[in-house]
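Enquirer: Quick note on my numbering: the sequence shown kicks off at 580 and runs consecutively. Pasting a structure below so you can have a look.
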Amino acid sequence: NLKIFPNPFQDQTEIHYILSNPSQVEISVCDMLGKNIAVIDNKMHEAGEYVAILDGKTNHLTPGIYLVKVMINGSMETQKIVRVKD
Numbered sequence: 580n581l582k583i584f585p586n587p588f589q590d591q592t593e594i595h596y597i598l599s600n601p602s603q604v605e606i607s608v609c610d611m612l613g614k615n616i617a618v619i620d621n622k623m624h625e626a627g628e629y630v631a632i633l634d635g636k637t638n639h640l641t642p643g644i645y646l647v648k649v650m651i652n653g654s655m656e657t658q659k660i661v662r663v664k665d
C-alpha cells in the first residue's frame, strides 16, 4: 500500500507505506531514463507505518516526471511523481 502525496508537488512530497513484518526497505528516485537520482531510505525497519520525505530541492530535482521505486524484501513497487515549478 504505497501512497505518495502531494503529487504533483513543489518542494516536498511524502511517501507513505506500511510494513506487516520487519523488512529491508529501499526507496529511490529515478529519472524517466532509469538513472538513479537519489536514495531516500535503505535500511531495515520494524513492522509499522512509515513516512519518507522526498525533498525536491535537497535532491536537486528539476521540474519534471520521476519514478519512485520502493523495494521491500525484494518486491518492488514503482510510481510516477511530478515536480512542478517552485
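Ideal Cβ positions, reconstructed from N, Cα and C, are used throughout, including at glycine.
(1) Touch check for the stretch 602 to 621 and the stretch 583 to 593: three-plus C-beta pairs under 8 Å?
(2) From Asn615, Lys659, Ile583, pick the residue whose C-alpha is nearest to that of Gly643; which is it?
(3) Taking a contact to mean a Cβ-Cβ separation below 8 Å, would you say Leu646 touches Arg662 in this structure?
(4) Taking the DSSP output, what are the residues bridged to Asn615?
(5) Please list, in chain order, all residues of the same chain as Pro601 whose beta carbon is under 8 Å from its beta carbon, the five residues on each side excluded.
(6) What do you reckon, are the CB atoms on Lys648 and Ser607 nearer than 8 Å?
(7) Reducing DSSP to helix, strand and coil, say where Glu625 ends up.
Expert: Taking the coordinates as given:
(1) no
(2) Lys659
(3) No.
(4) Cys609
(5) Met623, His624, Glu625, Ala626
(6) yes
(7) coil
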